[in-house]
Every structure is written in structure tokens, then in C-alpha cells.
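Participant: Before anything else, here's the structure in question.
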Amino acid sequence: MKKIYYALLLIPMLGSANTPEAVYSSDMTAWEKINAGAGNNWIDWSDAPDGLFIAMTDAEKTLSGCDNGIVCKYDSDNDADAWAISPAITLMADKSYKISLFVRDEGDFYSSESWKLAVAQGATVRDMTSGITLIDHPEFNDQTLKEYTCTLTPQADGDYHFGLNCYSEADNYGIYATGFTVTPPQSSAITAIEAESAAHARYFNLQGIEVANPAPGCLYIIKQGNETKKQILK
13 MKKIYYALLL
23 IPMLGSANTP
33 EAVYSSDMTA
43 WEKINAGAGN
53 NWIDWSDAPD
63 GLFIAMTDAE
73 KTLSGCDNGI
83 VCKYDSDNDA
93 DAWAISPAIT
103 LMADKSYKIS
113 LFVRDEGDFY
123 SSESWKLAVA
133 QGATVRDMTS
143 GITLIDHPEF
153 NDQTLKEYTC
163 TLTPQADGDY
173 HFGLNCYSEA
183 DNYGIYATGF
193 TVTPPQSSAI
203 TAIEAESAAH
213 ARYFNLQGIE
223 VANPAPGCLY
233 IIKQGNETKK
243 QILK
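For the sequence shown, our numbering gives the first residue as 13, with consecutive numbering after it.
Here's what the structure looks like:
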């Protein structure tokens, strides 16, 4: 008896609803805050001094999906070397994860800030400085909260930590950050599920031409009643 492997795929006209959920998301307030220098350390955005830092706006909350975040303010005499390090996040080898976060500063009113995002399998500053730098903005200047993204493909299964480092020069102003997420690769559009061969199904190739005698092992668009799916015939 012929069997069909039904693909979990929506009809193209419906658009893609296959967006994967994040394996980790955080406003970063629970990250370990480590001051590796003589400047100031990260603090929660909600704890930032009034009049020095601008409170998170409703638009920024909507954009980032967070109600809080972290900030690192200037020191008049000392350069910053402040780290915020995430808890362990389990990732799989050879899968490309999207890494994203939202960052802003005070824009053109002040000197450029400096920040970078690193990843390592340890959770210390030494681990971060010897790890992989994913994003680096040594001369950052943007008053608008924006999303910054990169891709990470681990070489081994395991727990990974991410570190956000503010390394701005002394007497600048400060950096705001929030909405950190790790998103797995989008699942394949041809994930097969075994099912019995169905009667009255019509087979079409990927160009939309109907096939009278579908061959095993080939991918078809199959229409049956009100359903349209991609299937691999087996």
C-alpha cells in the first residue's frame, strides 16, 4: 500500500506562520552585572537616576516587548568596562540561531559610546574576553532604540553564556539595552508525517501541473477537498 508523508505547510496564499519561538528571551535585568573596570557598572533601567536617564517609553516597550532593561552610565574620570552576563542557554551544534537585542544611547548630544556582545561557554569576564565577539560598535551613536542582530552557529551542543560589554571612554553619557532573544532556525517546510494514502487526492508538481501517475519519493502539491499540502510520496 502506498503511504504519503504529509508536510506541515500552510497554503502559500496564507503566508508563513512558521516563525519559531525564542529559546530564550530576557529584559536583561536578571543578568549578572560585573564591573571589570574603574567606571560605573550596569544597573536596571528602572533604577536609573531621574533626570540622567530617560525612562522607557511606551513605544520602546512595544518595540522591544519588555518593560525594563539595563543601562550603564558614564564616569567622569574612568573608562567603562562593565559586563552583563546571561545565565546558561542550551544550544545545539550546527544550528544557526538568531541573536538579537535592542540598544540606544543619547545620540548626537554626546560623544560616541562603545559596546559589544560576546558569547562563551563560561560565565566569567575572562571567558567573555577570550570568547567570540558577535557584535561590536566601538563608535556607537544612536538615540533611537533599535534592534541589532547576528547569527551564531555553535560547533558543539552545550550551555552558552552571552555577555554585553560597555567599554565607553570616560565622561561620555550612557547606554540603554533590553529585549535580548535567542531564536532557533525556522523549521523545515517539509516536515513529514506518515499517513495512509488518501483516495480522491489530486497531485500537482511544484509548477502547478497536475500529475496523473505520481512517483514515490517525489514532492508534490496535493489537493484533497478543502486542504492543500505539500507531500513526499513514499
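Note that CB positions come from ideal geometry on N, CA and C, so glycine has one too. If you're wondering where the values come from, they're calculated on a predicted model, not measured in any experiment.
DSSP three-state label for residue 43, please.
Facilitator: Taking the first residue of the sequence shown as 1, we reach residue 43 at position 31. Correct three-state label for residue 43: coil.
Participant: Measure the alpha-carbon distance for residue 189 versus residue 116 and round it to whole angstroms.
Facilitator: Counting from 1 along the sequence shown, the entry for residue 189 is found at position 177. Counting from 1 along the sequence shown, the entry for residue 116 is found at position 104. Computed Cα separation, rounded: 7 Å.
Participant: Under three-state DSSP, which class holds residue 119?
Facilitator: Position 107 of the sequence shown, counting from 1, holds the residue named residue 119. Of the three classes helix, strand and coil, the one that applies to residue 119 here is helix, per DSSP.
Participant: How do the region 65 to 73 and the region 96 to 112 stand: do at least 3 beta-carbon pairs fall below 8 Å, yes or no?
Facilitator: As far as the Cβ criterion goes, the region 65 to 73 does not touch the region 96 to 112, which means the pair count is below three.
Participant: Would the region 174 to 186 and the region 128 to 138 be scored as touching if the rule is three or more Cβ pairs under 8 Å?
Facilitator: The answer is yes - the region 128 to 138 touches the region 174 to 186, with three or more Cβ pairs under 8 Å.
Participant: At 3 residues or longer, and completely inside the region 31 to 116: list those beta strand (DSSP E) runs for me, N to C.
Facilitator: Those beta strand (DSSP E) runs which fall completely within the region 31 to 116 and span 3+ residues are 36 to 38, 44 to 47, 54 to 56, 82 to 85, 94 to 97, 101 to 103 and 109 to 116.
Participant: What number of angstroms, rounded off, separates the C-alpha of residue 50 from the C-alpha of residue 93?
Facilitator: Here residue 50 refers to the residue found at position 38 of the sequence shown. Here residue 93 refers to the residue found at position 81 of the sequence shown. Near 7 Å, if we compare the C-alpha coordinates of residue 93 and residue 50.
Participant: With a Cβ-Cβ cutoff of 7 Å, do residue 192 and residue 58 count as a contact?
Facilitator: As a first step, residue 192 is located in the sequence shown; it is residue number 180 there, counting from the start. As a first step, residue 58 is located in the sequence shown; it is residue number 46 there, counting from the start. No. Outside cutoff.
Participant: Per DSSP, what kind of secondary structure is residue 165 in: helix, strand or coil?
Facilitator: The residue labelled residue 165 in the question sits at position 153 within the sequence shown. The answer is coil: DSSP assigns residue 165 none of H, G, I, E or B.
Participant: I'd like the span of the alpha helix (DSSP H) that includes residue 141, first residue to last.
Facilitator: One-based indexing of the sequence shown puts residue 141 at position 129. Run containing residue 141: 137 to 141, per the alpha helix (DSSP H) assignment.
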